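Going from the sequence shown to our numbering is simple: count from 1 and add 46.
A virtual CB, placed ideally from N, CA and C, is assigned to each residue, including glycine.
Here the structure is a predicted model, which is why all the values come from computation and not from measurement.
What follows is a set of notes on a single structure, which appears directly below.
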Amino acid sequence: MDFVKELLEYVRHASVSTDPAFANGMNGAREKACDLLRRAGLEVEVVPTPLHPIILGRRKGPAEWPHVVLYGHYDVQPAEPLDLWTTPAFEPVVRDGRIWGRGTADNKGPHLVAIVALARLLARHPNLPLRITFLIEGEEEIGSPSFPAFLQAYKQELSEADCVILSDTASPSADQIAITTALRGIVGMEVRLVGPQFDLHSGLHGGAVYNPIQALAEICASLHLPDNTVAVEGFYEGVQQPAEWERAELRKLPLTEAQYLAFLGVDSLHPAPGLSGLEAVRFAPTLEFNGIGGGYQGKGSKTVIPSKVFAKITCRLVPGMNPEDILAKASAAIRARAPKGVKVEIEIKQGNAAYFVCPPGRPNTPKGQNPVLARAFAETECAITGAFGKPPIFVREGGSVPIIEDIRRETGLDSVMIGLFTPESNLHAPDENLDIGMAEKAIKAYESLLEGVAKGGRK
Ligand SMILES: [Zn+2]
């Protein structure tokens, strides 16, 4: 199975899950994925959902064989703005050692790496003692709405597996692979303040009423201390601090604080006490303002006191924090700080908890860790070192991949997350691309790690 040829074909199916106009592309990509799984030697089942079906590719076997779940998604982000692509998003090309096109890196290329590795491995070892459930969903880019019901329906089968291995996270560069050990959770809220029942003339009424913009600005400003600690009562309760080895691992990241400043275009960072900027992104929770509005936004001026204003807020969560608890605490703080004369409405956006998995052999590795999971980590480290000539780093990531925590909550399975795209891959942006050399090395690594997992048995 030729990686580049198959990826070019796969990417040509414009599988934009959010837009019904791309139904043909979704069908085409799904058929292509099924075909790839079959050719790799798996039995394929297509599970219907209310929206985009989920694909399952299975390799069955006796219960004493290790059972690994592999994950990917066949849907992609919209390609807009189209005029910023060097070559059309759904007419992929090879250029400068990379494949360019929407979905090359997120996530068709990375899960094709696993399929090609599996195909080559099973061709060499038709009797390999390894059970596989390869799960490819079609709604990842729209928040996986059908995934919870799917997990419920397939809970028994999935719970029986040993671990998940997937590639849908980042590495810092093509020669420094990162194994992601944690993902932050996220919750959100939209806060609306309503003052007078209509917009007021600021001359006729200014000075008599509490201006909702002033009230909102005061509330927002009160939610952090000057040192950038979140000033919501009980916000940090239960937060699990990173272990020392995690800080040491992060120091191996090939990115200095100076480079980070230059990348951001700011002259100073603002992490909470005790954290570097690079640590703050990964180790600490946040409360962020993502949007704020109200009053006159047009050209020139208009002397108005607005009736309604809003702020969009999200919190990134770290291990030990409970999403509902944080929503309750943040809402209570906002309500308590709203002055008389404005009404507060808070629309809650439920989210998900953070995820953390500890590799084996660390001081905080849980006792009784699944031996296949432990071996998957060890084999991954060994296989990446062999294929890339450099050991991987085990680091937390600041972003959120909700399904990873969903899978653990529903099935108990932990995930080994191998980063196969880099900052240059332009995820969700024009000129998305995948480094072919990196993918070829990753195929070798996947082949050898799956073989290693199989050969160790289930103990
Ligand atoms: Zn994505």
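So is the beta-carbon of residue i under 7 Å away from any non-hydrogen atom of ligand 1?
i    : result
H474 : yes
D477 : no
Q396 : no
Q123 : yes
D481 : no
D236 : Note that residue 236 is Glu in the sequence shown here, rather than Asp. For ligand 1, not one heavy atom lies less than 7 Å from the Cβ of E236.
E283 : no
D152 : yes
E187 : yes
Could you tell me the distance, in whole angstroms, from the CA atom of residue i to the CA atom of residue j?
i    : j    : result
Y401 : D460 : 9 Å
E187 : G253 : 48 Å
G143 : N479 : 10 Å
A330 : H247 : 44 Å
E55  : P288 : 43 Å
P365 : A399 : 7 Å
D477 : P258 : 43 Å
P134 : K345 : 36 Å
S268 : K298 : 36 Å
K25  : I232 : Absent from the structure is residue 25, since the part of the chain shown begins at 47 and ends at 505.
M72  : S219 : 31 Å
P112 : H270 : 48 Å
I372 : F281 : 7 Å
M484 : P409 : 32 Å
I489 : I430 : 10 Å
W291 : V355 : 45 Å
L315 : E303 : 9 Å
Y492 : G340 : 52 Å
I145 : T226 : 24 Å
F309 : L496 : 37 Å
D32  : S61  : Here the chain has residues from 47 to 505 only, and residue 32 is not among them.
P194 : V447 : 14 Å
A475 : P138 : 15 Å
I161 : T150 : 14 Å
V285 : M367 : 6 Å
P438 : V140 : 27 Å
R166 : K154 : 18 Å
The beta strand (DSSP E) with residue i in it runs from where to where?
i    : result
Y117 : H113 to H119
K389 : K389 to N398
D452 : No beta strand (DSSP E) holds D452; the alpha helix (DSSP H) holding it covers P448 to T457.
V210 : C209 to L212
F335 : T332 to G340
K358 : K354 to L363
T179 : R177 to E183
Is residue i close to chain B, meaning its C-beta is less than 8 Å from at least one C-beta of that chain?
i    : result
Q243 : Among the chains in the structure shown there is no chain B, since it carries only a single protein chain.
Provide the residue span of the alpha helix (DSSP H) that contains residue i, from first to last.
i    : result
F329 : G323 to F329
T150 : Element bounds for T150: n/a, residue is neither H nor E.
S205 : K201 to S205
I223 : Per DSSP, I223 belongs to no alpha helix (DSSP H) and is neither H nor E.
R408 : Careful: R408 lies outside any alpha helix (DSSP H) and carries neither H nor E.
N70  : A69 to A86
V418 : P417 to F434
L480 : Looking at the DSSP string, L480 is not in any alpha helix (DSSP H); the run it does join, the beta strand (DSSP E), is N479 to D481.
L250 : Unbroken run through L250: none, as it is neither H nor E.
L262 : P258 to A267
V57  : F49 to R58
R297 : From DSSP, R297 is part of no alpha helix (DSSP H); its letter is neither H nor E.
S377 : P369 to R383
Would you be able to state if there are at least three C-beta pairs under 8 Å between the stretch 162-174 and the stretch 201-217? no
Three CB pairs or more closer than 8 Å across the stretch 177-184 and the stretch 89-100: yes
Would you call the stretch 445-463 and the stretch 214-234 touching, i.e. three or more CB-CB distances under 8 Å? yes
Would you call the stretch 356-365 and the stretch 320-337 touching, i.e. three or more CB-CB distances under 8 Å? yes
Could you say if the stretch 492-501 and the stretch 105-120 meet the contact criterion of at least three C-beta pairs nearer than 8 Å? yes
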